[in-house]
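Novice:
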Amino acid sequence: MVRDLRLHGIIGPVEYFVTVGGANVNNAYFYEETANSIRFFSKGNEFTVTDEGIHYKGTGGSFCEYMFGVEKPFKDLMKKTVANRLIMFGAFLDSKEKIVFTNNTEGKESFYRLFLHGHAVKNYYFFVSSDYKGEQKKRQRQILASVGKYLKRTNFVSEDKDTELLEGFLSELKEESSTVFIFKIIHIANNEFYKTFKEFYSMNKSLTTSEELYLEDIISRYRIDRYQQERMKIDVMYKHPDNKRVVDEYRDILIDVLSGDSYKHSEFARLKRLRTLGIRNNIPIVLFETLDEMLLKGKKLQEIEEPDYLRETRAILQSLFIKDTSLKGQMINNDDIIKLIKAKKIAYLQGDKGFEQILLDTVKACDEYARENNDFSFFEEFTSIVTYFDRFDNVYTLLSQVAFIEDVEFNEDSLRRLINYKKEFDRLDVNLFYDIFIKELLDNKYITNYGRKKINIILKGIKKISAGDASFKDVVSEIKAVTNEEKVYRFIHSALEERMRSFYPGFDTKKGRNKIFEEISKELEEKGISGEITKRLFDKVLIDIKKESFYVNSLLPDIIKNKDISLREDFLINSGLDRFYVENLEKEYIEKKKLSPDILNSLLIGGGERI
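Final position of the sequence shown in my numbering is 1161; the numbers increase by one with none missing.
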């Protein structure tokens, strides 16, 4: 027994397929054909295809797949399962977006308007032939109630499954005595362009020069206008699986924003994050811009003002809450974690609590999600990120202590932990450890000479240990030697200053200096301070004290009088004295001379972060 019939033909610029099913499908007298038209008819219903357009009359309507970028009613946008547009003959939406049915179910459409306002490639029409006697508008309402939901949600339209589409229609209609006619109208030129572009784009999400030339030939041959080209390109790019997941997530967030009274930091951050992911994955920006234009209609979402590094932190962490699980692995990569670490560093240096607040907000959101869904995956991913912040804190604290504190303990365990932390940072970027820790310390003008030596020893020592050229004990011993020398330097400096203040004789002769050297060496031994006073170190301290005296008695008065900051900086750079110590000398001088404290503030014009 014949269950359905299918006719296929070409007329003018279109190709058509007619699928008929239901009662009396074996009736051979339901269409007539002329040289430039074909008319289908059954019990008062007509559908005619000419070489210029279509004409319809009866109980039925039209439907097509929504192309990406084609404006949808907001109600359809809210329903994610709605895939197709449905229009019933003789019906329209009133000002309140309610459907109004009329008895005027006859109309016509040119192919130009059909493929411009509908789908650019294929559009469907249908009518239901039955023995119904009554008003057309009542019958139209009945048909919509039966098959409307099905036609708006079925994927058989996009999948070109005409037989399955018809079977589903008949199943939903539930009218054994009715016959259903479904007409698929395909624009031949646009279809060739669409399929060709899809084939080329699907390979590498880009086109080669030869592929672009091939498309240009199709455009030239069929005279496809620019607007239709762009519509079809955007639709193909959107439907690529890699693109669709990201763009759909972006659309859903926009809809959530528009549905609420206001939007949150987190929503804006996720939108920005998805755009970033789009750039990273070579997703055309036009897809996001099309959604903005379609949904926002010219309105701008005003970003809440906050520093760039906090805005970026918020955007990255909001990636944890992207709904599409298939995107999870793409959302936060090594570059993002590096940005988060650098943001934490900025917040730390600026004393900005905003970064910690974002972390607290994220923890709270993870906790709420876990309780509502019994899913701790967000927590686990967030914890793996926070672990890097803990490593940062540990390394930053340890190295800062080594650089700026005279007698900090640094043992083999300290070095071992430091190397292990460095390995973790190296997994993100081999230059990261140096960039965020070492470089800043070495560039800080307030680092002491001995602090700089110890940091360089650690840096070189890590390389030697990794290469097998040194042991942990070797490196720690070298650092300890510098630490001991620093203590001895301070002891000598204090002892010499005390003697100079009391006008101690002997500084002007070699014999006198040798005597002072022996005295201080004995005092050092009596104090039980590790290390020994070498002649080189003694002479260095003596020279440094003379530099200090020259600065305080000769240069500083002129610097203050002439406000010559450049002279001060030149001395600090070339003298080799620790900046922090020189500033203490300046403070003592200003207090002794009873000068305004503002003078000291005017001298402190930089030098990095003071510790």
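Ideal Cβ positions, reconstructed from N, Cα and C, are used throughout, including at glycine.
If I follow the unbroken alpha helix (DSSP H) through Lys-1143, where does it start and stop?
Specialist: Neither: Lys-1143 is in no alpha helix (DSSP H) and is coded neither H nor E.
Novice: Name the residue from Arg-966, Asn-1151, Lys-745 and Ser-869 whose alpha carbon lies nearest to the alpha carbon of Phe-928.
Specialist: Checking every option, the nearest Cα to that of Phe-928 belongs to Ser-869.
Novice: Give me, in chain order, the residues of the same chain whose beta-carbon lies closer than 7 Å to that of Lys-1236; leave out the 5 immediate sequence neighbours on both sides.
Specialist: Because residue 1236 is not part of the residues shown, which for the chain are 551 to 1161, the question remains open.
Novice: If you measure between the beta carbons of Phe-905 and Leu-860, is that distance less than 8 Å?
Specialist: For Phe-905 and Leu-860, yes; Cβs fall inside 8 Å.
Novice: Can you have a look at Gly-559 and say buried or exposed, based on whether 16 or more other CB atoms are within 10 angstroms of its CB?
Specialist: Classification for Gly-559: exposed.
Novice: What are the residues that DSSP puts in a beta bridge with Ile-604?
Specialist: Paired residues: Val-599 and Glu-659.
Novice: Find the nearest neighbour of Ser-696 within the set Leu-664, Gly-610 and Asn-574, judged by alpha-carbon distance.
Specialist: Checked all of Leu-664, Gly-610 and Asn-574; the closest Cα to Ser-696 is Gly-610.
Novice: Could you tell me the alpha carbon to alpha carbon distance between Leu-557 and Lys-745, rounded to whole angstroms?
Specialist: For Leu-557 and Lys-745, the distance between alpha carbons rounds to 23 Å.
Novice: Below 8 Å on the Cβ atoms is my contact criterion, and I expect Asn-793 with Ile-833 to pass it. Report the Cβ-Cβ distance as a whole number of Å.
Specialist: That pair is a contact at about 5 Å.
Novice: Alpha helix (DSSP H) containing Ile-736: first to last residue?
Specialist: First-last for Ile-736: 729 to 737, but that is the beta strand (DSSP E), not the alpha helix (DSSP H).
Novice: Determine the DSSP secondary structure at Asp-710, reduced to helix, strand or coil.
Specialist: Coil.
Novice: If you run the structure through DSSP and keep just helix, strand and coil, what is Gly-543?
Specialist: Summary: the structure shown does not reach residue 543, with the chain confined to residues 551 through 1161, and so no result is reported for it.
Novice: Here's the rule: buried if 16 or more other CB atoms are within 10 angstroms of the residue's CB, otherwise exposed. What is Met-753?
Specialist: By the neighbour-count rule (16 or more Cβ atoms within 10 Å), Met-753 is not buried but exposed.
Novice: Among Leu-808, Gln-778, Glu-1068 and Glu-1141, which residue has its Cα nearest to the Cα of Leu-846?
Specialist: For the residues Leu-808, Gln-778, Glu-1068 and Glu-1141, the minimum Cα distance to Leu-846 belongs to Leu-808.
Novice: According to DSSP, simplified to helix, strand and coil, what is Val-958?
Specialist: Of the three classes helix, strand and coil, the one that applies to Val-958 here is coil, per DSSP.
Novice: Under 8 Å, do Leu-978 and Ile-888 count as touching if we go by C-beta distance?
Specialist: Yes. Within cutoff.
Novice: My output table needs one value for Tyr-682: the three-state DSSP class, helix, strand or coil.
Specialist: Correct three-state label for Tyr-682: coil.
Novice: Do you know offhand how far Ile-1109's Cα is from Glu-1133's?
Specialist: Using only the alpha carbons, I get a separation of about 13 Å.
Novice: Tell me whether Asn-634 is buried or exposed, calling it buried when 16 or more other Cβ atoms sit within 10 Å of its Cβ.
Specialist: Classification of Asn-634: buried, given that the 10 Å Cβ count is 16 or more.
Novice: What span of residues does the alpha helix (DSSP H) with Tyr-984 cover, start to end?
Specialist: First-last for Tyr-984: undefined, no H or E at that position.
Novice: I need the straight-line Cα distance from Asn-961 to Lys-1023, nearest angstrom please.
Specialist: Whole-angstrom Cα-Cα distance: 8 Å.
Novice: Taking Tyr-984 as the reference, which of Lys-1085, Arg-967, Asp-1128 and Leu-949 has the closest Cα?
Specialist: Checked all of Lys-1085, Arg-967, Asp-1128 and Leu-949; the closest Cα to Tyr-984 is Leu-949.
Novice: Identify whether Ala-641 lies in helix, strand or coil by the three-state DSSP scheme.
Specialist: Ala-641: strand per DSSP, three-state reduction.
Novice: Excluding the 5 residues preceding and the 5 following Leu-982 in the sequence, name in chain order all residues of the same chain whose CB lies nearer than 8 Å to its CB.
Specialist: Within the same chain, Leu-982 has close Cβ partners Ile-888, Ile-891, Phe-975 and Asp-976.
Novice: On the DSSP letters alone, give me the boundaries of the alpha helix (DSSP H) that Thr-840 sits inside.
Specialist: Residues 835 to 841.
Novice: Between the alpha carbons of Ala-578 and Gly-571, how many angstroms are there, rounded?
Specialist: Note that Ala-578 scores a pLDDT of 47, beneath 50, so its modelled location is shaky and nothing firm can be said.
Novice: Which of helix, strand or coil does DSSP assign to Ser-592?
Specialist: Strand.
Novice: What are the start and end residues of the alpha helix (DSSP H) that includes Gly-572?
Specialist: No alpha helix (DSSP H) holds Gly-572; the beta strand (DSSP E) holding it covers 564 to 572.
Novice: For Glu-583, list the residues DSSP reports as bridge partners.
Specialist: Glu-583 is bridged to Ile-588.
Novice: Select from Glu-839, Phe-733 and Glu-766 the residue whose C-alpha is nearest the C-alpha of Tyr-788.
Specialist: Nearest of Glu-839, Phe-733 and Glu-766 to Tyr-788, Cα basis: Glu-839.
Novice: Could you tell me how far apart the beta carbons of Tyr-675 and Phe-733 are, in whole angstroms, since I believe they sit closer than 8 Å?
Specialist: Sure, about 4 Å apart at Cβ, within 8 Å.
Novice: Please go through the same chain and pick out, in chain order, the residues whose beta-carbon is closer than 7 Å to the beta-carbon of Asp-644, but skip the five residues on each side of it.
Specialist: Same-chain partners within the cutoff: Val-650.
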